[in-house]
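Scroll down for the structure; my scribbles are underneath it.
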Amino acid sequence: SLPFDVAAVRADFPILETEIDGRPLVYLDSGATSQKPRVVLEAEREFLEQANSAVHRGAHTLAAEATELFEDARVTVADFVGAEPEQLVWTSGATAGLNLVAGSLGYRGDLQIREGDEIVVTEAEHHANLIPWQELAARTGARLRHIPVREDGMLDLHAAAELIGERTKVVAFPHVSNVLGIVNPVAKLVTLARGVGALTVLDACQSAPHLRLDLPASGVDLAVFSGHKVYGPYGIGALWGRDEVLEALPPFTTGGSMITTVTLDRAEYLPPPQRFEPGTQPVSQAVALAAAVRWLGEHDLDAAHAHEAALEKRLREGLRSIDGIRLLGDTDAAERVALQAFEVQGVHAHDVGQFLDARGVAVRVGHHCAQPLHRRFGMTASVRASAAIHTTEDEIDTLLDAVSGVRGFFGVGAAA
Ligand code: PMP
159 SLPFDVAAVR ADFPILETEI DGRPLVYLDS GATSQKPRVV LEAEREFLEQ
209 ANSAVHRGAH TLAAEATELF EDARVTVADF VGAEPEQLVW TSGATAGLNL
259 VAGSLGYRGD LQIREGDEIV VTEAEHHANL IPWQELAART GARLRHIPVR
309 EDGMLDLHAA AELIGERTKV VAFPHVSNVL GIVNPVAKLV TLARGVGALT
359 VLDACQSAPH LRLDLPASGV DLAVFSGHKV YGPYGIGALW GRDEVLEALP
409 PFTTGGSMIT TVTLDRAEYL PPPQRFEPGT QPVSQAVALA AAVRWLGEHD
459 LDAAHAHEAA LEKRLREGLR SIDGIRLLGD TDAAERVALQ AFEVQGVHAH
509 DVGQFLDARG VAVRVGHHCA QPLHRRFGMT ASVRASAAIH TTEDEIDTLL
559 DAVSGVRGFF GVGAAA
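Converting from the sequence shown to the numbering used here requires adding 158 to each position, the first position being numbered 1.
Put into C-alpha cells, the structure is as follows:
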C-alpha cells in the first residue's frame, strides 16, 4: 500500500537473505550499524582491484586514478549534506570527528576554550558527544553544562535558553538522539547559540540515514556523521565545517600529507580539509561511502521518508499498545525517525534481546552508549528497535508479536 518498492530495495542487500536458526533475519539494529547494499561492497572491491594506490603522491597512472576517485568521493559525500568538498574532512567515524573538534578547540587559535568558558551539551548525548567535551573541560578549566531532557523525551528549551549565556563557547547536540529517535530543534538551538556567539556542533549520526541534510542551511558550524550508519563501510566518516570555522581550527592530529613545509623545528599546514587529514587515508572506504550515498540518492527520497514514517508510527503505536511496555521519549509532538527504545517492565533488556533473537529479530540492548540518558529515566538498560529504508511493515509486526510474548514467557505481569 506504500508508494515505495521495498522489495526492490531489499534485493540490494545480500545480508537480508540470512536466516537465524531457520527464521528470516529481521534486522532492527540499523541505528547501531546499517547493512550495506551490494553496490557499496562492489565499489570497495573494484577500487582495490583496479585503482588501489597512494593518493596525492606518486606520479604514476594508478595514483592519479586513485586520487581522482578519492576526491570525487569527497564531492559526492559533501553534496549528500549540501556542502562543498573543501568543507568535508574525512575521519574514521563520528567519534573521531568529535574528538578532532574538541581536541582542536583545546590548545590554541582564535576559538580556543579557556578557563571559565562554558560548553553546553544535552542530557541525551551518545558518549561520543559527551566524553570529548568532559575531557576538554578538564584540560582547560571550562565548565560543562547540560540541557535537560523532559519526561516526554524533548529537550527542555526553557532551560536551554537560561543555560546558554555569555560564557557559552560551544553548544553540542545530537540532531536525532540514538535512544529517543526524536529530531531535536536545530534552528532554535542555533539561534540561542548564535545569540551569544557560541559555536554549534551537530552530531548527525542518526539523522544522516533518514533525513535530507543541508548542513550549511541548518545554521550549525560543525557536524559529524559515520559512514557505517548510512549504508556505507566501517572506518570512514566525515566532519563538516563552515569555511571560516575550519580555517580557524588548528590541526588536532599531525603527520604526513597535511603540510606545506616542514623543517626539523616546525611545520606549516595545508588549508582545510587536508590540515585535518594526516597520514594514509581510508581511501577505499571513502569511495565506497560515496557509492552508498549515491545509491541512497537514486531512490525517491520523499517516498522513502514516507515509508520510514509509516514504520515509525507502526512501531511506536504498536509498542505502546502492549501491556507493560514503557517507551523512552513517549510523545506525539516530536518529529521522529523510526528508532524507539523501550523497557519491558519486569524483564531485563538482555533477556528481551535473547528472546527476540530466538525469533530472528535483531535489536540492540543495553545503554546504547547513553548512560546519563538512561539514568535520567531511572533505568540502566533498554531495548532499542531501529528501522532502515529496507525495513518492512511485516518485520515491525514480527517484532511487535514477539514483544507481546515476552512478559508471559518470563512469567511477569497480570497474564502470568
Ligand atoms: N553519535 C550518535 C548519536 C551515535 O548513534 C553514534 C553511534 N552509535 C555515535 C555518535 C558514534 O559513532 P561511531 O561509533 O560510528 O564513531
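Glycine is no exception: its CB is placed at the ideal position from the N, C-alpha and C atoms.
Q193 has its Cβ no nearer than 6 Å to any heavy atom of the ligand PMP. Judged by pairs of C-beta atoms under 8 Å, the stretch 344-355 does not touch the stretch 193-205, as fewer than three such pairs exist.
Of the heavy atoms belonging to the ligand PMP, none sits nearer than 6 Å to the Cβ of D268. Contact annotation: G487 and R565 have beta-carbon atoms that are not nearer than 7 Å.
Residue nearest to E405 within the set Q245, H457, A362 and G413 is Q245 (criterion: CA-CA distance).
A straight-line Cα-Cα distance of about 19 Å links V259 and G274. Sequence-distant Cβ neighbours of L360 in its own chain, meaning closer than 6 Å and more than five residues away, are H333, V378 and A381. Taking a contact as a CB-CB distance under 8 Å, the pair P409 and F383 does not count as one, their CB atoms being some 21 Å apart. From the listed residues P195, K194 and L174, the smallest Cα separation to Y185 is found for L174. Taking the Cβ of D361 as the reference point, at least one heavy atom of the ligand PMP falls within a distance shorter than 6 Å. Taking C-alpha positions only, A528 is separated from T419 by approximately 43 Å. Rounded to the nearest angstrom, the gap between the Cα atoms of E402 and P172 is 43 Å. If you check the CB distance, G524 and A539 come in under 7 Å.
In the DSSP assignment, D361 falls within the unbroken beta strand (DSSP E) covering L357 to D361.
Taken from the Cβ of T489, every heavy atom of the ligand PMP lies 6 Å or farther away. DSSP places K327 inside the beta strand (DSSP E), whose first and last residues are T326 to P332. Less than 7 Å divides the Cβ of A448 from the Cβ of V235.
Contact annotation, L227 with V445: C-beta distance approximately 5 Å; criterion of less than 8 Å satisfied.
In this structure the stretch 493-500 lies against the stretch 333-342, because at least three pairs of beta carbons, one per stretch, are closer than 8 Å. At a cut-off of 6 Å, the beta-carbon of S365 does not count as near the ligand PMP: no heavy atom of the ligand is closer than that. Minimum Cα-Cα distance from A212 among the listed residues L422, R424, L294 and S442 corresponds to S442. Per DSSP, the unbroken alpha helix (DSSP H) holding S442 starts and ends at V441 to G455.
Residue pairing for H304: DSSP places it in a beta bridge opposite V279. For V420, the enclosing beta strand (DSSP E) starts and ends at I417 to V420. Scanning its chain for C-beta atoms nearer than 7 Å, with the 5 sequence neighbours on each side dropped, one finds around T225 the residues V213 and H214, in chain order. By the neighbour-count criterion, in which a residue is buried when 16 or more other Cβ atoms sit within 10 angstroms of its Cβ, Y265 is exposed. Of the heavy atoms belonging to the ligand PMP, none sits nearer than 6 Å to the Cβ of S376. When the five nearest sequence neighbours on each side are left out, the beta carbons in the same chain lying within less than 8 Å of the beta carbon of S376 are those of V344, A345, V348 and L360, in order along the chain.
Ranked by how close their Cα comes to the Cα of L313, the residues T326, G299, I340 and T298 have I340 in first place. With a cut-off of 6 Å, the C-beta of T253 is classified as near the ligand PMP, since at least one heavy atom of the ligand falls inside that distance.
For the set R533, G536, R484 and L557, the Cα lying nearest the Cα of G511 is the one of L557.
In this structure, V278 sits near V329, with a CB-CB distance shorter than 7 Å.
Relative to the ligand PMP, the beta carbon of P332 is positioned inside 6 Å of a heavy atom.
Of the heavy atoms belonging to the ligand PMP, at least one sits nearer than 6 Å to the Cβ of S384. Less than 7 Å separates the beta-carbon of P436 from that of T412.
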